[in-house]
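What follows is a short report on a single structure.
Residue numbers (the working numbering): 278 to 729.
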C-alpha cells in the first residue's frame, strides 16, 4: 500500500514553494544524556570509522580485563584521527572514561563494520531463528553496497546479489514457510509470492540498465522480507518481570508518525518522521512511550535540545521532569531496559558495564542515525519517564556495542523515514502531533484508557 510522507521545502524565492516528497512503505531541566560531541559529529559533516564485535551467546558476569597499552593506543589513534581530519575527538573527561571502557580488547577493533540501516537493524532484532530467510535478506541488503560503485557498472554487482537472493529463496522456501507462525502463515506465504514477483521485476530493471530504479525496488523487496520475518514470531516470546507486568507494555511492534513544525528555517517548514517502536526488545520502554503518545502527551511540545549530537524532548512544563500519572499523582518511572544478543529477556536496572558485560552485543544498538532512546538521570539507572532523544550520528570512532551509549541507555526504536531531517530541527521547533499508524493492539495495560 503506497503512501507519501512529505517534508515541505521553500526555495529562496518566497513566491515559489517547493515540496520534496519521500515514499514510505510501512537541556533545560532535561534528564541527562551523556557526553556530547559538537555539531561536526552530525551525519552530514563527519568521516566515519567503526567496527562491531562478535555477538555473545549468553550473559556472563566477569572481571574487567585490563589492557591499558591497547586502550591508550586506541585513544591516541582517535585523537590523531581528529587532528588529521578535523573531526573532533571526545573531550578530556570522556577520553579518561574511554581509557577504561571504550576499547575492551582487540576483537572490537578489528571486526567488521556495523549495520547502520534502521530497517536492517529492526529485521535482525526480531526474535526468530530462521537461517533460510536470513540468507535471502543478506544479499538483498548488500545491494546498497553494490550501488556505491559509480555508473551502470554497479548493476553487475547488483545482479550477483539478486541471483544469490533468488537462489536462496528457491532452495530455502520450504524451510521459510515451515518457520511461519500458524496464525500468520497465509499472510507470510502471500508476502513470499510478492517477493518472488518483485525479484523478477528487479531482474528486468537490471537488464534494462535502469540504475535509478534499483534502490526503490530493493526497499520494496526488503519490506516483504521483513514482513515474512515478522510473521515468524508467534505471540510475545517471554514474560516481563513481575514488578513491571502492570505497566503499559508493547508486546510486539508499533509504528508512529511524528509531525514537527519547524520554526525559523527558510528551507524547511514541517516534516513527518516515521518511527518504528520495538516492544520485542524493550516492551516496558516502548509501551510507556506509546501510552504517552495515546495520551497526546507530546502534542504541542517543543524540541528542548538540539546540539548536533542529539535531538531531545519530553520535559513537561512545570516542576516535574517527567509524566505525572493522574491516577497516582506521581511521576511514572520506568527502568533501564536492555536486551542482550543471545538472551531471551532484557536486562533491567543495570548497565552492561555494571554487569561486567563489556563485549556483549545489544539487540538494539546505537548504530543508526535517528536511533531513539530514553533519557535518564546520569547516576540513577531507573529514572526515565517521558524524556526521549534521537541520536544524530552513526557509529564512528567508538566501536559499536563498545561505545559510550550502548548498554547504558534504553533504545526502543528507530526513525525509518525522513531521519536525515532530524539534523535540521532546532530548540523551539514544535511537535504538532504523534499519531499511531499501526500496532496499537500490541499495547497491553494502556493507562490512557483507565484514566480516560
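Backbone N, C-alpha and C define an ideal beta-carbon position, used for all residues, glycine too. This structure is a prediction, so every number in the text was calculated from the model and none was measured.
Item: Specify the secondary structure class of residue 686 as computed by DSSP and reduced to three states.; Value: coil
Item: Counting only the same chain and skipping the five closest in sequence on each side, list residues whose C-beta sits under 7 Å from that of residue 319.; Value: Only weak support exists for where residue 319 lies, its pLDDT of 39 falling under 50; the value from the coordinates is given anyway. The residues are 585, 669, 670, 700.
Item: What does the Cβ neighbour count give for residue 486, buried or exposed, with the cut at 16 atoms within 10 Å?; Value: exposed
Item: Give the secondary structure of residue 581 by DSSP, where H, G and I count as helix, E and B as strand, and everything else as coil.; Value: coil
Item: On the DSSP letters alone, give me the boundaries of the alpha helix (DSSP H) that residue 740 sits inside.; Value: Any answer about residue 740 is impossible in this case: the structure gives the chain only from 278 up to 729.
Item: Applying the 10 Å Cβ sphere with the 16-neighbour rule, what's the burial state of residue 297?; Value: Reliability fails at residue 297, whose pLDDT of 26 lies under 50, so the model's placement of it is uncertain and the value that follows must be treated cautiously. Classification for residue 297: exposed.
Item: Starting from residue 531, follow the beta strand (DSSP E) in both directions and report where the run begins and ends.; Value: 530-538
Item: Leaving out the 5 sequence neighbours to the left and right, which residues in its chain are closer than 7 Å to residue 527 when beta-carbon positions are compared?; Value: 554, 556, 560, 563, 564, 567, 719, 720
Item: Would you call the CB atoms of residue 611 and residue 624 closer than 8 Å?; Value: no
Item: Mind checking which residues open and close the alpha helix (DSSP H) that includes residue 637?; Value: Element bounds for residue 637: n/a, residue is neither H nor E.
Item: Comparing C-alpha positions only, which one of 406, 666, 432 sits nearest to residue 495?; Value: 432
Item: If you drop the 5 nearest sequence neighbours on each side, which residues of the same chain put their C-beta closer than 6 Å to that of residue 515?; Value: 621, 622
Item: Using the beta-carbon count (16 or more within 10 Å), is residue 664 buried or exposed?; Value: buried
Item: Could you tell me the alpha carbon to alpha carbon distance between residue 579 and residue 425, rounded to whole angstroms?; Value: 38 Å
Item: Quick one: what's got a C-beta closer than 6 Å to residue 445's C-beta in the same chain, skipping five residues either side?; Value: 412, 413
Item: By DSSP, does residue 703 sit in helix, in strand, or in coil?; Value: coil
Item: Do residue 257 and residue 687 have their C-beta atoms within less than 8 Å of each other?; Value: Any property of residue 257 remains undetermined from this structure, which presents the chain solely from 278 to 729.
Item: Count the CB pairs spanning the stretch 401-408 and the stretch 492-507 that are closer than 8 Å, and state whether there are at least three.; Value: yes
Item: Per DSSP, which one or two residues make a beta bridge with residue 694?; Value: 551
Item: Would you mind reading off the limits of the beta strand (DSSP E) that contains residue 668?; Value: 665-668
Item: Taking the alpha carbon of residue 635 as the point to measure from, which residue in 491, 684, 394 has its own alpha carbon closest?; Value: 684
Item: DSSP beta-bridge partners for residue 597?; Value: Note: residue 597 sits in no beta bridge, so no partner.
Item: Helix, strand or coil, according to DSSP, for residue 710 in the structure here?; Value: strand
Item: Could you check whether residue 577 and residue 730 sit closer than 8 Å to each other, using their CB atoms as the reference points?; Value: The chain is shown from 278 up to 729; residue 730 falls before or after that span and cannot be answered.
Item: Roughly how many angstroms lie between the CA atoms of residue 723 and residue 572, to the nearest whole one?; Value: 10 Å
Item: Reducing DSSP to helix, strand and coil, say where residue 621 ends up.; Value: coil
Item: Using DSSP with H/G/I as helix, E/B as strand and the rest coil, what is residue 376?; Value: With a pLDDT of only 36 at residue 376, under 50, the local geometry of the prediction cannot be trusted, and the value read off the model is given with reservation. Residue 376: helix per DSSP, three-state reduction.
Item: Where do the N-terminal and C-terminal ends of the alpha helix (DSSP H) with residue 476 fall, by residue?; Value: 462-484
Item: Please determine, among 418, 582, 481, 657, the residue with the shortest C-alpha to C-alpha distance to residue 705.; Value: 582
Item: Would you mind stating whether residue 531 and residue 717 have Cβ atoms separated by less than 8 Å?; Value: yes
Item: What are the start and end residues of the alpha helix (DSSP H) that includes residue 413?; Value: 408-423
Item: Residue 576 by DSSP, collapsed to three states: which one?; Value: coil
Item: Residues in its own chain within less than 7 Å of residue 480 by CB, not counting five upstream and five downstream?; Value: 439
Item: When the Cα of residue 698 is compared with those of 544, 524, 435, 497, which residue comes out closest?; Value: 544
Item: Given this structure, state the Cα-to-Cα distance separating residue 502 from residue 441, to the nearest angstrom.; Value: 15 Å
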